Structure formats: C-alpha cells, structure tokens
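J.: The structure is given below, and queries will be raised subsequently.
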Amino acid sequence: MFNYLKFATYQIFGFSCSIPKLNKIKKNPDNFTNKEIYDFLHKQAEKSLKLVNINLTIKGKENIPNQPVLFICNHSSMLDSFILFSSVDRPIGCVVADEPVWRSMPIVSSWAKLTKCVYINRQNNKEGIKSINEAANNILKGQSMAVFPEGDLTWVKDPDAIISEFRSGALKIAYKAKCPIVPFVIKNSRYTYEGYQPIGKINSKDVEVEFLPPIYDHIENPKLKTIILGESIRDKMIESINKFNQNN
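Residue numbering for the sequence shown follows UniProt numbering, beginning at 1 and increasing consecutively.
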C-alpha cells in the first residue's frame, strides 16, 4: 500500500503545482506549442513510474514514422496510460471512455483537454462517430492519437486472454485520417496495479514496451474491413507478448 500512497501523493502534488502553468496556457494558448504542453504529462508520467520502481524498457522507437499516427495499445493495467505517456515523447492525445469521473477530475481534465484527448461514448453510436471524427481531425492537424481498442482491461473482459477482442470501430480513426497505425505493446504490466478501482495496490515491476512496425494496409486498401485489420494487428501484438513471455 506504501507504493500507492507515494504514487497518489505525487499526483496530487504534481498536478497542483502545475496550476500556474495551466493558467498561463489557458490565458495565452498561442504562446505554447503542442510539445511544450504535452511535456508536462510526459514528465509527470515518467517520474510517477520511477517513484514506485516500475522500470520501462522501450523498444522499436525507430518504427514510429515521422508523421502523425494512431497508436493502438493493449490494456492490462490501470497504470497503462502512465506507461503510454511515459514512453511516447511526441505530443499525443488519448481516446478516453466518456465517464463522469474522467471529465470532472480536477486539473487532470484540463490537461486532457489541452492535449486534445477525446471522450468517446461507447453506448451511443451517433456520439461515438462524432468522437472518431474529432480524433481523426486531430491527426489531420498534426496531433498523434492513441486508443486502447479492447475498450476495457484485458482481464476484466476475458481473464484467459493475452489481449481481448478489439472494438474494431476505433480503427476508423486511422481510416478517416489516412494515417499509419503503430501498435504499441505493453508487456508485464498486468500486476503493476492490483484492482479495478481508483484505490489499489501498486507493485514494482520491470515492464517492456515495444513499438511494432507501422501498418498501412488500410491506406492501401480503404475497403479493408476494420474487423479484419483489427484481428491482424491483435495477432501481431499477441505474438510480441508471447515472445517476451518465452524469454522471461
């Protein structure tokens, strides 16, 4: 529980100390680049993981094209968003479940808005399409985006799965933006956080993340069904995790 208390205290401290910078950005947003805004979340995530001895090994950064992309991430821990923001050093926005807790979280919700995070309503198809279009427009304007297409924690959806089935509609973001998809594979994060609530137990672990080669299939063939593309991406990500497990 000590790790959790350290981690939670640091979030309160870090985000509270960011208020002056947050107010400056809100007052004169044109004076700040996307990189300057994103760097706060990137460093906050890095320091948060180091504080509780979650050590990241990052592989495959050379696979990220020098253009805006859609990152596709697996999701087995409540800390995966910290792992994502810590690993990606270019500005990204996340597609986040449209839940009141995320929209109303003090300070954090303001940073989410500034970094162009998009809330998606998974119960309303019409609203979901609006969110997909918003995320695609962010990419077209130069901002990479990230999505956890499982839609929930892997072990919550399917306790026996390495990566659970994708909600393949999320891939439409890349179709509309005509951008590459970069699979982002998180390995060994399952027990970094025990629980499914805001309060849980944090365990120190070595975690490996890998950026797989970019995917252009949907650009070359716009009629390719998202469900087929999703299964292909998921298979590649599972293969990467299996290789890691065999070697560890």
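Ideal Cβ placement from N, Cα and C applies to all residues, glycine included.
Source: prediction; values computed, not measured.
#1: List the endpoints of the continuous alpha helix (DSSP H) containing I129.
#2: Can you check which of these residues, N74, M1, T9 and N248, is closest to W155 by C-alpha distance?
#3: Alpha carbon to alpha carbon, how far is I54 from N138?
#4: Assuming I238 and I162 make a contact with CB atoms under 8 angstroms, what is their CB distance in whole Å?
#5: Quick one: residues in its chain with C-beta nearer than 8 angstroms to the C-beta of K35, no 5 flanking neighbours on either side, listed in chain order?
#6: So, does the stretch 199-214 touch the stretch 42-56, judging by three or more C-beta pairs under 8 angstroms?
#7: Which runs of the beta strand (DSSP E), 3 residues or longer, sit entirely within the UniProt domain "Phospholipid/glycerol acyltransferase" (69-189)?
#8: Whole-angstrom Cβ separation of I72 and P183, contact assumed at under 8 angstroms?
#9: Pick from M1, K6, I241 and A136: whose alpha carbon is nearest that of S189?
#10: Work out the CA separation of S48 and A8 for me, nearest whole Å.
#11: Cα-Cα, which of M105, G151, E210 and V69 is closest to A136?
#12: Determine which residues share a DSSP beta bridge with N55 and list them.
#13: By DSSP's criteria, K201 is part of a beta bridge. Which residues make up the other side?
#14: When the distance is taken between beta carbons, is L153 closer than 8 angstroms to S86?
#15: Between the C-alpha atoms of G169 and I227, what's the straight-line distance to the nearest angstrom?
#16: When the Cα atoms are used, what is the spatial distance from V95 to T33?
#17: Using only CA atoms, which one of S18, R234 and F244 lies nearest to F166?
#18: What is the rounded straight-line gap between the Cα of K116 and the Cα of K176?
#19: Give me the residue from G60, P65, D80 and V108 with the minimum Cα distance to I37.
T.: Well, looking at it:
#1: Reading the sequence shown from its first residue, position 129 is the one you call residue 129. For I129, the enclosing alpha helix (DSSP H) begins and ends at N125 to L140.
#2: Looking up residue 155 in the sequence shown gives position 155. Of the candidates N74, M1, T9 and N248, the one whose C-alpha sits nearest the C-alpha of W155 is N74.
#3: Counting from 1 along the sequence shown, the entry for residue 54 is found at position 54. Counting from 1 along the sequence shown, the entry for residue 138 is found at position 138. Using only the alpha carbons, I get a separation of about 31 angstroms.
#4: Translated into the one-based positions of the sequence shown, residue 238 becomes position 238. Translated into the one-based positions of the sequence shown, residue 162 becomes position 162. I238 to I162, Cβ: 5 angstroms. Contact.
#5: Position 35 of the sequence shown, counted from the start, is the residue given in the question as residue 35. Here the set comprises R90 and P91.
#6: yes
#7: 70-73, 92-97, 118-120, 144-147 and 181-187
#8: For the purposes of this step, residue 72 is taken as the residue at position 72 of the sequence shown. For the purposes of this step, residue 183 is taken as the residue at position 183 of the sequence shown. With a Cβ gap of about 5 angstroms, I72 and P183 count as contacting.
#9: In the sequence shown, counting from the first residue as 1, residue 189 sits at position 189. Comparing alpha-carbon positions, the option among M1, K6, I241 and A136 lying closest to S189 turns out to be I241.
#10: As a first step, residue 8 is located in the sequence shown; it is residue number 8 there, counting from the start. As a first step, residue 48 is located in the sequence shown; it is residue number 48 there, counting from the start. So the alpha carbons of these two residues sit roughly 9 angstroms apart.
#11: On the sequence shown, residue 136 is found 136 positions in, with the first residue counted as 1. Nearest of M105, G151, E210 and V69 to A136, Cα basis: V69.
#12: As a working mapping, residue 55 is identified with position 55 in the sequence shown. Answer by DSSP bridge pairing, in chain order: D206.
#13: By one-based count along the sequence shown, residue 201 stands at place 201. For K201, the pairing in a beta bridge is given by DSSP as E194.
#14: Stepping through the sequence shown from its first residue, residue 86 is reached at position 86. Stepping through the sequence shown from its first residue, residue 153 is reached at position 153. S86 is not a Cβ neighbour of L153, given a cutoff of 8 angstroms.
#15: Position 169 of the sequence shown, counted from the start, is the residue given in the question as residue 169. Position 227 of the sequence shown, counted from the start, is the residue given in the question as residue 227. Rounded to whole angstroms, G169 to I227 spans 8 angstroms at the Cα level.
#16: Here residue 95 refers to the residue found at position 95 of the sequence shown. Here residue 33 refers to the residue found at position 33 of the sequence shown. The alpha-carbon atoms of V95 and T33 are separated by roughly 21 angstroms.
#17: Taking the sequence shown and counting its residues from 1, the one referred to as residue 166 is at position 166. For F166, the nearest C-alpha among the options comes from R234.
#18: Position 116 of the sequence shown holds residue 116. Position 176 of the sequence shown holds residue 176. Those two C-alpha atoms are separated by around 17 angstroms.
#19: Position 37 of the sequence shown holds residue 37. Considering only alpha carbons, the answer is V108.
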